[in-house]
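2 protein chains.
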Amino acid sequence: MQVMENFNHPCGKCAFYGESVWQPVADGAVSVLTRSFVRKDLEVGQVLFDQGSTNRGVFCVSRGLIALRTHHADGSSTLMRLAYPGEIIGLRAFLRDGAHQTEARALLGSRVCTVARRDANHIVQGNPAVLTRLALRCVEEVDTNHERIIGAATTSNKQRLTGLLLRLMENHGERIGGQLRMQLPLSRRDLADLLGVQPETLSRLVGRLKKEGFFSFAGREVGIPAQSLSAGVRS
Amino acid sequence: MQVMENFNHPCGKCAFYGESVWQPVADGAVSVLTRSFVRKDLEVGQVLFDQGSTNRGVFCVSRGLIALRTHHADGSSTLMRLAYPGEIIGLRAFLRDGAHQTEARALLGSRVCTVARRDANHIVQGNPAVLTRLALRCVEEVDTNHERIIGAATTSNKQRLTGLLLRLMENHGERIGGQLRMQLPLSRRDLADLLGVQPETLSRLVGRLKKEGFFSFAGREVGIPAQSLSAGVRS
DNA sequence: TCGTGTCATTGACGATCGTCAATTTATCCG
DNA sequence: CGGATAAATTGACGATCGTCAATGACACGA
């Protein structure tokens with residue numbers, strides 16, 4: 001097997017770096033598909049892909065700055081993430097085989113390395129190490145500051161505590177006498193850690209929820225009145 | 236190629252579900268390594284792995300509840316994440332080939348499905364689709380509520396804004412007359428979105444940072460005095 | 001039973017945040 | 001240049017949060 005062309009990769013930072021896409025031609029030789037890694041320059045404000053688009057490929061930012069923005073039904077929009085050089089865009093849509101959940105737009109003059117969906121699949125199937133790099137990149141992006149910033153305080157602490165308690169009840173709650181209740185496996189301190197607040201603040205959040213009647217607390221026990229379960233979550 | 240044993244997988248939820256680990260024996264037949272997926276039961280409080288441990292494998296929670304906790308140098312600890320049934324633990328250490336950053340301990344009587352590192356590598360190299368599932372699972376966990384909860388308000392908004400500005404300067408700032416400065420490609424509204432606060436609050440955060448002198452703002456321009464750069468970030 | 005230590009709650013106070021409103025500044029276009 | 005529109009800032013006020021401190025509840029061992 002012989003590679004006929006030494007491909008000049010447009011991006012030295014992305015997870016596909018060093019990979020080539022080839023197809024067999026004859027006599028065991030292969031032809032490199034040079035159009036697999038398409039260098040694409042974006043002007044300020046130019047859209048890389050639209051929200052809801054199914055043109056699934058994987059993009060990695062070579063330089064510049066890309067904003068991933070979600071447009072809501074009421075016409076407003078929220079900036080969800082910034083993609084800095086070296087980061088990957090569209091991985092979720094690629095892996096899920098679904099539509100993009102955000103619009104990607106250049107905030108600065110930018111260059112991205114585009115890997116078409118078919119070619120990305122080709123690479124990934126031929127070399128699992130690439131997918132390992134993709135998955136690792138994905139894990140690492142979770143740790144970056146701006147990822148943690150996202151969605152931090154958009155919902156109130158009361159809502160977040162409610163969500164956490166409901167999730168716990170959902171997994172481990174028991175029906176006892178018309179109530180869904182459970183023994184909380186977490187200390188107040190642990191709950192406070194998860195919400196990122198002080199234990200005293202958490203205690204007051206618990207107190208407010210108790211007073212509003214949707215949750216009942218007895219020490220480390222928490223319960224939900226059965227009739228409330230179908231009524232949904234209060235604000 | 237013939238699989239000699241139909242392996243009974245202990246966990247119907249994890250990303251490895253449906254996969255078998257086999258090795259060739261003779262005549263093109265393969266032997267399933269039944270010990271690849273080890274069902275492990277944990278009592279309340281039992282430790283699955285310690286922080287800093289390099290016993291890298293991939294675990295998926297079959298039932299129960301696992302707490303991932305980081306221990307700090309001063310003896311305190313912080314609950315970083317809860318792993319519910321169906322979720323994966325240790326993926327980061329596995330992909331990075333590094334040590335676990337957290338201690339994993341059962342909060343309830345739990346069962347996990349253990350895939351040894353060697354076997355996980357074996358599966359992943361033999362079937363890229365598994366790694367796709369792993370990566371997808373990783374992407375999806377970012378979206379879950381409790382992942383968003385983590386690290387939300389642990390650092391003050393002022394610190395988070397400082398980190399965001401520094402990251403932007405780092406990537407796109409220019410040295411102009413003893414100052415590192417840049418044209419902010421984001422509106423105030425965008426900055427507020429990223430921090431999860433209201434635009435008015437962001438305006439006041441900017442104002443405080445400006446008054447403290449570490450950053451200078453002029454409309455959409457932001458700068459850092461050169462002498463401050465080596466001094467580090469103020470609180 | 002009685003300490004004792006840990007955890008949870010409550011109070012007080014200053015700081016910050018969300019909301020509404022008004023004002024100032026910036027930007028765009030004729 | 002001037003006017004219109006949008007963006008950013010500032011003020012005011014009530015609600016919430018962080019911090020320090022005190023109190024109450026609970027488990028555990030002597």
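Going down the list, the sequences are from chains H and V. Each residue of the first sequence is one higher than the one before, counting from 1 in my numbering. Each residue of the second sequence is one higher than the one before, counting from 236 in my numbering. Glycine included, C-beta positions come from ideal geometry on N, C-alpha and C. What you are looking at is a predicted structure, and each value in this text was computed from that prediction instead of being measured.
Exclusion of the five residues before and after V:R443 leaves K393 as the residues of its chain whose Cβ lies within less than 7 Å of its Cβ. Per DSSP, reduced to three states, the secondary structure at H:E212 is helical. With the criterion set as a beta carbon lying under 9 Å from some beta carbon of chain H, the members of the region 270-285 of chain V are V279, in sequence order.
When C-beta distances to chain V are compared with 7 Å, the residues of the region 189-203 of chain H below that value are D190, D193, L194, L195, G196, V197, in chain order.
Between the alpha carbons of V:N406 and V:L314 lies a gap of roughly 32 Å. At the C-beta level, V:L400 and V:R340 stay beyond 9 Å of one another. For the pair of segments examined, the region 426-436 of chain V was found not to touch the region 83-102 of chain H: the number of CB pairs separated by less than 8 Å stays below three. Chain V places no beta carbon closer than 9 Å to that of H:H100, leaving this residue out of the contacts.
Judged by DSSP in its simplified three-state form, H:E221 adopts strand. Chain V places no beta carbon closer than 9 Å to that of H:P225, leaving this residue out of the contacts. Taking V:T305 as the centre and dropping the five residues before and after it, the same chain places the C-beta of Q286, S312, T313, M315, Q336, T337 closer than 7 Å to its C-beta, in chain order. The beta carbon of V:T349 sits no closer than 9 Å to any beta carbon of chain H.
For H:N171, the chain V residues whose Cβ falls inside 8 Å of its Cβ are L300, Y319, P320, in order along the chain.
When the beta-carbon positions are compared, V:L403 and V:L440 stay at least 9 Å from each other.
Any Cβ of chain V closer than 9 Å to the Cβ of H:L180 would place that residue at the interface, and such an atom is absent. Residue pairing by DSSP places H:V112 opposite H:K40, H:V61 in a beta bridge.
Residue pairing from DSSP places V:Q414 in a beta bridge opposite V:I411, V:P460.
Looking at V:R291, V:N290, V:L300, the one whose alpha-carbon comes closest to that of V:G280 is V:L300.
For V:R402, the nearest beta carbon of chain H is closer than 9 Å to its own beta carbon. Taking the C-beta atoms as reference points, H:Q179 is found nearer than 9 Å to H:I224. Contact between V:R352 and V:G292 is confirmed by a C-beta separation of about 5 Å, below the 8 Å threshold. Taking the CA atoms as reference points, H:L184 sits about 7 Å from H:V222. Cβ contact annotation for H:A192 (same chain, cutoff 8 Å, sequence separation greater than five): Q198, P199, T201, L202, in chain order. The shortest C-alpha to C-alpha distance from H:V115 to any of H:G86, H:D97, H:F59, H:A83 is the one to H:F59.
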